[in-house]
Each structure stands twice: as C-alpha cells, then as structure tokens.
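Okay, so here's the structure we're looking at.
Residue numbers (our numbering), protein chains in the order written: chain A, 21 to 399; chain B, 21 to 399; chain C, 21 to 399; chain D, 21 to 399.
See below:
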C-alpha cells in the first residue's frame, strides 16, 4: 500500500461541537441569508470533506502545523495529499514566501488611428497618480499597483493591476477599474471610438501565459528539503528516482503544450477552494506552476513549487458561509489579515500533492492507490 | 438592471419533497457510506445551489427544456447564466453534437537508444488488437480507441485513448492502460530501461494544447441563431455590437497567451461540476474552447461554442452522493446512458454564460451586474 | 492574373554602376576582409535579389517612397510583396511608429534556498544605477533599460534589457550583461551556487510568448486605410471579403497554436534580412505579430500590423559587406542613425506581404499566383 | 579559447575548380535564367560561406563524414558549429532516423450550420481514396497521406497531409489540395458558404504547436553518446555540467513560453538554408525541437535532438541555382533521392550547434567566443 492515510479524528463528537455546519447540525440558510452569493436558491450541495495533514509550514505568513480541509469526491485524494504533507512535516516543514501579488482588469480602448492611440497611452501612463487616488476613493482595500499598455494597431489594452487586501478581489478590481475608466473617458483629450471594461486579456478564470509569467492573486514560492529517509519511508521512493521522473514530467509538459510543469495541482486546489469558500472557477487559472525536484549533494531531495496565480481570499466571496467559515477556521484563515497565510498554505497543499503523486508515478504505485482507495463502479 | 434573473421556484415545499438532500432533510452520510469518495471524513461542505434556466436544447442527446443546478457562492452568476439560457430558449434552443470523444493516459517508455525506441514503437502500433482485447477484458465500459506515439530521443510517450461509456473515466483508463502496459512490458522484445504509467502529457487536470486541439472527454459543438429582437430584449445588446466585441475578445486571448477564445466558461463549469458530482479539478482542462459570434445576413446573431475537453460522467465519481444525484436527476442526467446528454447540456451552460457576459461586456453592463447582485463587503 | 509585378528596372546599366557588388562586378572578398563575419571561408553564396516597391511610408523615421531589395529563390514572392506595396502606396502610404525597443539577455542565478534568492533579487533590483553605469562603461551604444526577475524555487532568471543604438545588438547585450554579472558575482553578499549568462529565456533566435507580448529589438506599429477602389483594383478583393478572411485566419492561428496572427511574415523578413546583412536566424523570432483587417464605416479597409520582435540593425553584423551595404543604401538605411527607419520599413514590408497574401487567399487567387510565377519542376 | 575552428581548406585553388560559382568565377545569371525564382531581378546578394565539419553521420540516409557549407555573417557561428561537429565525429558519429514526414495545407469550409458541417466532414473522410487518386493525377511526386478535420462551429478546417518526395513541397501540396478542393466543391452535397484554400492553420512559415507535436517536412530523431573525454577535450565541459545546464535551459523555455527546448537551432538552419537553396523563411517553423542531455551510468553524455519540422528539399526551390547546387553537392545532397539524407544532415547540424553552445553556456565560455571571433564594431 503506497499511501498511508492519516487516521480519522479521534473524537467525532468534539468535531460536531467545533464544526456544527460541517456536521449538519445547523439548519440550512434562508435565501435572504445568501443574498449576494446565489440567485434562485434551491438548496445546498453537499460535498464530503476530509481533513488532510498535518502540514508543517515555515512560511512568512503561515507558520506551524495545519490540518487542511479538502472537499472532494475523488477517492484517494485526501490520503495522497496527506502523505505528501506527512513527508513535508517530517522534513521540518515547507518554507514559503509571497513573491508578488496583484489582480488585473484589462480594459480596451480603440481610437481612430495608431498615432492617437500612442498619444492616449502616453497620457494614460502619466495619470498613474490619479489612478491611485481614484482607487483609494473607491475601495478601502484595493491599492493601485501599475498599469501596463499593450498597443495593437489603433487599439490598446491597459492592464491595470491592484493589490486587494484579504479578498480575492475580482469584483473590487472591476469596480476600481471602472471608476478609473470613467475618469479616463471624461478627461482624456482623444476621441475613444470603442471602450470595453475587459478585453479578455486579464486572465480572469483562464490559464494564460501572461498571468503564468507574472502574477495573478499571489505568486508563492515554496520549498522543502526532504531527507532521504523521509523520501524512502513516507514516499516509498528515492530522491534520484523522483528527480528522474520530475525531468521526464517536465518534458511531458513541453510535449503536450502545457503552461509550466505540475502534475495535478488542480486536485488540491479544487478541494481546498470548495471547502473554504474560494471561487472554484479560479482553479482554471490557479492550477499552473513550476515544480522542480533535485537530489542534493547530500543525497536528499530538494523540492520547490512556484505558483504564480493563487487567487484566494480570507474575506468576501463565499468565506462567510457556514461550512466555508468553519473550514477556514480550522486553519485559522478566516477574516482580515489571513489571506497571505491562506495563500502560503494553498501552496503547501499543492506541493504536498505533487510530492505524493510524483513519487507514486516514479515508483509505479499510482495505479494501486487508485485501485485500493478509489471506487471503481464502472471499471 | 441588465440582468433579469428568472423567478424563484414557486413551491419550495414541493422542492423539499423532490430534493430532500438539497433541502437538508436527510442526515449526513456515515463515513462508511463515503468509502471510495473521501478519507478522513469530517463533514459535508455546503455550497448554495441556484437553479438556472430553463435552457432549451436541440441536441443529439439533450432535447427539451432543462433547469440547471449551479453550485456557487459568486453573486450574479446564476442570474447571468439564466439570462443567457433565456436568450437561447427564446431563440428556439441550441443545436448540439458530440463531435469526438476519448480519454487519454500517456505512459512513458525509455530505451537504450533511438533505434530501439523506433523498433518498439513499430511493434506497439502493430499490437492495437491486443490492446483492444485487453481493454475489453479489463473493463466492461472502456473501449480502446487508438494509440499515438510521440518519440523524443530514446524515449516515447504512447498516448492511449479510450472511450469510457458514461463515466468521466480517468481511473478506468488508468487501469486499462496499466494492464496494456503490463502486457507490453511482458511481451516486447526490447529492453525497457524506464517506464512510467504517465509522462505528464495526458492532459489530466491540466489545460494543454494537445487536448484543446483534439479531445478529452467529449468534444461538443453547439450553436444557436439568436433573432435580433432576442439579442435586443434579453441580452440588451445588438448582433453587431456583440460580434464586434467577440472579435476584440479573440484578439485579447491571443495577446494574453490563452488557449482558444472564451470569457468565463470556468464559472459555469465549476458550478455545474460541484452541484452534479463531477470532478471540479477538471475545470482546469474543461474550461477551454472557442466561441464565435457573427451577425447573419438577416441581422440576427449566430453564436457557436466548440468545447473539446468536456470531461463529465453520469455514473461514477461523486454522482451517487445525495445532493449530487438529485442535481443530476433535475436534468434527468443520472445513471447509465446519460453522459452524452450531460455533455451537451454542459456545452449549453457554457454557451449561455458566454452570451450573457459577452453582451454585458459589449454594452458596459458588466460592472453594474456585479454591483447590484454581488456582495461587495470589501470594496 | 491576380498579381501584377511592377516592371523591371529601366536601366540595368545604371544599376551596375550603382550596385557593382550586386551586379557581380567586384571580385570576391579575401578571407581577411571577412574576419569577424565567417570562419573557414570557401566562397560567397549568391541569392537572387528582386526589387520590390515602391513602398510609400509615412512613419516616424521612414518617410517617402522606398524600393525594397528582397533576396529569395521563391518565385512570386517579390511580385506578391510588390502588389501589397502598390496598394499601400496608392493609399497614401503606411503610418508607422516605434512603440518600444529593447534587447534582452537572461542570466540565471541559483542559491541554496528561496529565502536567499529573494534577498538576492531585492539587492539586485536596488543596483539598477550600478548596472546602468557599467553598461555605459562597457559600450558606447548600449543603454541599460531595466531588469526583471523571474524567481523559480531557489533560482532566478534576471531578464536584463538594453537599447542597442543602431545595431541589432545581441553581442552588445551579451557583453554588457556579462560585465554586470561579473559585478554581481563580485559584490553580492549571497553565495551563488550556479550562474549561467543565459537561461534560455531571452528569446534569442526563438519565437516565444515573452518576447511576443513585450518587445525584442523594435516593436513597430503600422497601419494604412486602403480606399475601397484600391482594394478592388490592386488587391482584386473587397474590404468585406478581406475582413472576413482575416477573422477566419485569426481563428486558424488559435486552432493551430500559433503566437499572434499573421500569414507569412517570415517570407518578407527572410528575403529582406538576407539582402540587407541582417541575421537571418532572427526570422525565427521576428516572424510573429498581429495583423488586423477591418472595414471602415466608409467602406474602406483599415489594416494594421503590430510587430513586436523586429530585431534589425543599420550597423554591425553583416551590414558592411558588399551587396548587403548596397541593399541597405538602396533604402538609405546604411550606417548610424538608420536602424529605426529600417525597422519601420521592415514593418511596411511585412504589412505589404500580408495584404497581398490575405487578398489572394480571400479571393482564391493564391494557387494561380503560385502556378503562374513559381517554378514547379516537381509538381 | 573555448572554440577551436577547424582549419581553412588546404587548396583554395582546388576549391575554385570545384566550386566556381562560390568562388565568383561564373558570371551572374540573366533574369531569364532565374524565371520561377525571382521577379524584378537586380543582382545577386552575396553571403559568405564557411565550411563546417567534418560531421560524421550514422543515419538511415546520411552515412559518412560531411563537410557542411554554412552561409552567415555572424562571426563564431561556423567555428562553434564545427566544434560541435568535431565532438560528434570523435564520438563515432550521430545516429539519426526519419521518424515521420508530411507537408500540410489546411483549407477552410463554412456551412449554414453545425449539422451540415458534420455531414460534410463525414463525407469528406469517406473520400480519402478519391483524394489519393487526385493527388496521383496532379503530381508525380506528392502522395496523399491523410486528412484530419478540425470542426469549429459551422466551419471546418481540413488539414490535408502529403508526402512530397525530394522537394520541400509547399507549392506541390497547395496545387494538390486545390485539385482536391475543386473535386470537393464539385461533388459534395452540402452548400459551401465560404471556402479558402488555407485557413492559416497549416503551419506554413510559422512556428506552431500543431506542427511541433506532429510533423512538417521531416521529423528527424538524432542522438549521440559523447565519451567523457570528448566532452572534456573538445567541448571543455563535463557531462554533469552539461546535463545540469540542459535542465536549467528546459525550464528557461517553459518560463519564457517557447515551443520545445533548444538554444539556437535557427542559427545553423538559416546558414544551411541560405547556402543550400532552401527556403530561409522556413527557419520560422523549422527552428523548434527538443534537445535532451543526460549523463550515462558510465559517465558519458547522451545527447538527443528531436526536430519535427525540418522542411528541406534536394530538388526544386532554389536548389538548381549556381552556388546553391554547389553547396548541396559538397554534401552529395543535390537532386533526386537526397532529401532524407539532407534532412538527417540538417538535424546533425542542429545537434552540433546545440552541443557547442550548451557547453559554452554551461562553462561560461559563451561570452569569450563572441569577443574573440565576432566583430564588435559597436560594442
């Protein structure tokens, strides 16, 4: 058996007391309670939550051991992620940093000709202070970061970038960008012949190269050095075998035309996002990144993950709802001041999942795990 | 108000009777009930479900009006999708076809040199009948479709493709490919110096160009001709304005390095997948496609969607769970013989969402919708 | 006959006087004359040069009519480009601007861990003034523009960007980056455990998304409004037909996984680069761009080209050689102060070629042109 | 000095006798001689040719030692490629195979709706024998290989693929596809509402993912095992250092959004194509590929190159011209029956160039080579 699931919680009754929504002890909300989250409400979808971990984090914002709630119906997923977390934890934890942050909206402006477009862009770039001011007037959380023009013929996409405090922030940046654009349309000297608040270039809900190379949400770097004995005992592999497979997997990405190199980050992200009231549609954009595995001179395994598009929030969106809030609270990630911590834990989840699956694939245990823990009613 | 949500269900009490799990009337499952779907079970995440539609489908498999359950916490999403569905329905429904189907697993074989690799590939391609036979012995649902080699130096990735009946089928194809590979390793004359069941090139849980250009799950084509008056009255736009924005959006995709052209398919897919027990991680791969909007000579709007990676199932995975089964049953998509129907409805959902958001973006209503229907606790 | 080649030069004897190298009147250079351009010299490859144009440019740097020398062995190429130039010229010329410029070198630094990498990057970004100073000491032409870090795990690629005066500048930026890196290695406080002057991310001699979205060499925007009668009489098409095909071609790019949208810029670029002593290997990176065709409200054709990676020089490289210098002189593009002019003309050549081929494809004349003007010894 | 150029030819006078065109001893051709290759002829561009090699090939078609003519103005290029060839030759030569071949044309058909498109595609796929027959009637060299549909909404791109004998074959496949399409338009039962001979998806003169993953021209696999002492003495590196850099370079490709992994294939391809009458514009598509470097258990260096888009011909195009024919003859690659040999040598050139530059980059010799052999008039 390649995968050792950590044991079930000892005291289910304690669990009920702590997490009454998850335990189904709280009546469903009324439609009015859900205003702003749903329309035409007909009930609550229920997705099983498994507790993975503990995951030891030595991040800049996430420090200590975390149990991580994952909502999924894919058998073996929680066990596999737990295995990776165990390997990380036994290795002293994962070091993580927020390398960059920003959320974009990319309005489109069209003019009569290229020369007008150029003049407009020069003017718009000179208005950065006004944009910053408008942002501050519009939102108490958003901060204007930069604007980058992509001129194409007689049109330009202005990629506006903001930080969004502890919210994922998509709506916030839409509203701020809208106010900025109203200012632009009101004050610019050139005649705008077409304007759209979004040119389909912001990367919202879409994997794209632009966001992959830069940032969307948080760009988190994470790494761990796994002692050889942990690789052997927990991951049932060796540093050399995992490095070898990691290289084949990088070439697999290249051959199939995939952004970055990773195996199944979408699994952990979707499960974490559903449990924690994040936007599950953002799996499309968050599930890109670069995993790297290397044997160290000492014979241990260096593993890093670079995840540039982790768009998560500890406030707003679905975070206030019953089970979602409970899941965030399990990790002490609910509310103001917790978004970076949540982003680092999210990176830790991804790295754990990658370590587990890459080990399983490197050693031929992947199939067995699916056969022993997953249902196969149709195989 | 740009977006007209359809009204709430008339008889909530009837709803409870029909959908007791969604209504929270059924006690939570015991961990044993969830074997094969989750480990370390601690409770059920609850996600609000809104009923969008009706959506009129004139597909090859989905015919008639469908109410579509969407699980989300993003305000305005159900209303926006409902608006698109209303436009489609008032236009006589969307015509849809399954254009291709197949799920891949991509094992990796390495040999001492290129010449050995070439001989191996020639032999493997000659074994198609054996692969077909093994597949039939291994699974009562999977059928071997083809194998395609990607030789690179002294290694080859064999992309095996299967149809998987009514299941999404990722585990099924893993198990079949494993049996095939055991046969290969047992009978091929060349010495295999490295073998992995997956080379990270199958497209599982990842957007990639290979799957985008070919198929993963089902490739569904869908289209509708929206009469001008429907575009005006329901979408609050015109065919010309939508076509114009559609073109700008296509260039936005190109400029940002996105696969295909679409605005936010991930939103509808994530909501449908969570509600219906599909694998939400597959949003990463399913949310690619090509939308095209054109004004017809008669002044109406032709809209098509081509979605090559809709990987859904009406059996297996999370489909048997309480609320998931209820949601599938709302669309009569639960159980054997329903997967293609579900795939066509899924395409309909995506097309509806695209029509609504593209109209909103074309006309500057996008921001208002978010401001009026979405919560903005942090703006 | 869809394509009307402009007539041959009237006075070949005058040509010989003006361009004795092209005319073969000058003995071959001695190996010593070619030091710095070739090793193991065995002779001169001879490629036929046709004179395309005139092309009327209304650029910021290129103004007036230009005859453009194109070296190729592909029949119909010069005629096709001339046809596009005729359409542009009869339309009053193409307006062009240099939108951005910069050439990159992307060294790689590796450290013991992510935290060290982060500290290093913070320090490196603070050294911009030192980098600027070193650049000024190293080259009288290069100017330091910016440095952008791409952190990945315990490594970082620093993308250094410079302007390079009138030279294409690849060697110049290599040498400047090397001096900067020597400074870095000498003065940074962190222990560098691996350093490479190039991480294979600069885009040198390779199409890549990074250069496509940003700049490499010069990013040139160019546009022309073709009166309907010019489209009809010269291009044998209509604005509507060309716009329609342009849209299909944009989707063709998306479907096949191509950067940007263009049909055959590589043809004009290769021919111009060979004639003019540019680096023909740079066709790989220069031949990306975005063409857009739109019918104007007046029924004319708006055509724009955005070419972000035109890496050309009017000094250095092969520009000083006999025929190369003569070809540059035909356009008054030889020597100091002419590189931007050459870049704008290059964009004009690309746009002309696109107009001609897109018209031919839109109208079904493409095949005939190849049959009537191209040799088909093997058809 | 990291790079050891092989010595100049011993007997220049012999060279003149063998290669009078290269030596400038033959008067320029008259315009009539160039019919089918150029219009508006004004003279011959002259590009210095250096002889690289010898390169020992152990291919399926190219066997023995080859001196390779490279036309370039980039100092150090011939020396660098010669260094890589020396390493290959001293290692017993490179083994190569043609893994696939085919050239594509991708016509576009549009119908009233998706259902009609589907019926059309089903019919078209059933016409393969007719397409084969038409191809045989149209060309004595082209053979129909396959047709692959890409349906998108109410349109389809049919990617026709042919083998083209010893010609590069772009015109040949255009003409054959045109005849096939005339047959289609004449005999298909559905009403075609738009038809273009090319939908901008064939990959002609453009790098794209479709061609990269499949084939365009020839897909050549090539490999060599370099004994450690050759790596040390000729490449001035070690297998370990080169493998390490090769991995960093693969990640550099991923980070910058490049197809495949290679450093500067465009350099060798452009130089070989110009010298040998190949289409230099095809550098855009040919310069993609996958290089892989690995230390063997014995401490030697395994190096492979996989080049899927080598579109070359030994007949047609510019091959019959004076210096071009001489250059082909130097490698015994002129005329019928030589195209596969030329393709394998081309792959050998690319691999040699990669080995040399990757060694130089791995060891920090890259800058010195450029400083010692390249002119730097503007540094």
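Every residue gets a Cβ at the ideal spot worked out from N, C-alpha and C, and that includes glycine.
task: Note down, in chain order, each residue of its chain lying with its Cβ closer than 6 Å to the Cβ of residue 37 of chain D, except the 5 sequence neighbours on either side.
output: Cβ contact annotation for residue 37 of chain D (same chain, cutoff 6 Å, sequence separation greater than five): none.
task: Please list, in chain order, all residues of the same chain as residue 176 of chain D whose beta carbon is under 6 Å from its beta carbon, the five residues on each side excluded.
output: Shown here for residue 176 of chain D: same chain residues with a beta carbon closer than 6 Å to its own, the five before and five after excluded, namely 129, 137, 141, 169 in chain order.
Euclidean distance between Cα positions of residue 95 of chain B and residue 207 of chain D: Near 53 Å, if we compare the C-alpha coordinates of residue 207 of chain D and residue 95 of chain B.
field: Other residues of its chain near residue 39 of chain D: CB distance less than 7 Å, five sequence neighbours each side excluded
entry: 346
- prompt: Can you name the residues of chain C whose CB is closer than 8 Å to the CB of residue 135 of chain A?
  reply: 115, 117
task: Return no unless some Cβ of chain C is closer than 7 Å to the Cβ of residue 108 of chain A.
output: no
query: Any idea if residue 71 of chain C is buried or exposed, counting beta-carbon neighbours within 10 angstroms, 16 or more meaning buried?
result: buried
- prompt: Taking Cβ positions, are residue 106 of chain B and residue 244 of chain B nearer each other than 7 Å?
  reply: no
CA-to-CA distance, residue 218 of chain B to residue 232 of chain B, given in whole angstroms: 19 Å
field: Residue range of the beta strand (DSSP E) that includes residue 329 of chain C
entry: 321 to 330
Residue closest to residue 356 of chain A, alpha-carbon to alpha-carbon, out of A/372, A/335, A/342, A/368: A/335
query: By the criterion of Cβ-Cβ separation under 8 Å, what are the contact partners of residue 275 of chain A in chain D?
result: 233, 310
message: Would residue 207 of chain C pass as an interface residue toward chain D - the criterion being a Cβ-Cβ separation below 7 Å?
response: no
message: So if I threshold CB-CB distances at 8 Å, which residues from the segment 32 to 59 of chain D count as touching chain C?
response: Per Cβ criterion, the list reads 35, 39, 41, 42, 43, 44, 47, 48, 49, 51, 54, 55, 56, 57, 58, 59.
- prompt: Where does residue 101 of chain B sit, in a helix, a strand or coil, going by DSSP?
  reply: Here residue 101 of chain B sits in helix by DSSP.
task: Measure from the alpha carbon of residue 212 of chain A to the alpha carbon of each residue in A/316, A/201, A/80, then state which is nearest.
output: A/201
- prompt: Can you find at least 3 beta carbon pairs, one from the segment 276 to 295 of chain A and one from the segment 180 to 199 of chain A, that sit closer than 8 Å?
  reply: Flag = no, the segment 276 to 295 of chain A and the segment 180 to 199 of chain A do not touch.
task: If I'm right that residue 180 of chain D touches residue 125 of chain D with Cβ under 8 Å, what's the distance once you round it to whole angstroms?
output: 5 Å
task: Kindly say whether residue 218 of chain C, judged by its beta-carbon, lies nearer than 7 Å to any beta-carbon of chain D.
output: yes
query: Roughly how many angstroms lie between the CA atoms of residue 293 of chain D and residue 251 of chain A, to the nearest whole one?
result: So the alpha carbons of these two residues sit roughly 50 Å apart.
message: Assuming the contact rule is C-beta atoms closer than 8 Å, residue 367 of chain C and residue 240 of chain C should be a hit. Round their C-beta distance to whole Å, please.
response: 4 Å
query: Using a Cβ-Cβ distance under 7 Å, would residue 363 of chain D count as near chain A?
result: no
message: Report the CB separation of residue 98 of chain C from residue 90 of chain C in whole angstroms; it is logged as a contact under 8 Å.
response: 5 Å
message: Let's test the definition: count the other Cβ atoms within 10 Å of the Cβ of residue 215 of chain B and tell me whether it reaches 16, buried, or not, exposed.
response: exposed
message: With three or more C-beta pairs closer than 8 Å as the rule, is the segment 69 to 83 of chain A touching the segment 112 to 127 of chain A?
response: Taking 8 Å as the limit for Cβ pairs, the verdict is that the segment 69 to 83 of chain A does touch the segment 112 to 127 of chain A.
query: Which of the residues in the segment 296 to 324 of chain C, read from start to end, lie with their CB under 7 Å from any CB of chain D?
result: 297, 299, 300, 301, 303, 304, 307
- prompt: For residue 300 of chain D versus residue 300 of chain C, is the C-beta distance shorter than 7 Å?
  reply: yes
message: According to DSSP, residue 191 of chain B sits in a beta bridge with which residue or residues?
response: Residue 191 of chain B pairs with nothing; no bridge assigned.
- prompt: Comparing alpha-carbon positions, which option in D/311, D/306, D/59 lies nearest residue 376 of chain D?
  reply: If we check each option's Cα against that of residue 376 of chain D, D/311 comes out closest.
query: Quick one: is residue 229 of chain D near chain G, going by C-beta distance under 7 Å?
result: Included in the structure are the protein chains A, B, C and D, with no chain G among them.
field: Coil, strand or helix - residue 214 of chain D by DSSP
entry: The three-state secondary structure of residue 214 of chain D, taken from DSSP, is strand.
- prompt: Candidates C/185, C/67, C/371, C/164: which alpha carbon is nearest residue 358 of chain C's?
  reply: It is C/185.
field: Exposure label - residue 209 of chain D; buried when at least 16 CB within 10 Å
entry: With fewer than 16 other Cβ atoms within 10 Å, it is exposed.
message: Please identify, using Cβ separations under 9 Å, the residues of the segment 237 to 270 of chain C that lie next to chain A, in order along the chain.
response: 239, 241, 242, 243, 245
- request: Look at residue 154 of chain D and residue 203 of chain D and say whether their C-beta atoms are less than 7 Å apart.
  value: yes
field: Limits of the unbroken alpha helix (DSSP H) element including residue 115 of chain A
entry: Note, residue 115 of chain A: premise wrong, no alpha helix (DSSP H); beta strand (DSSP E) at 114 to 125.
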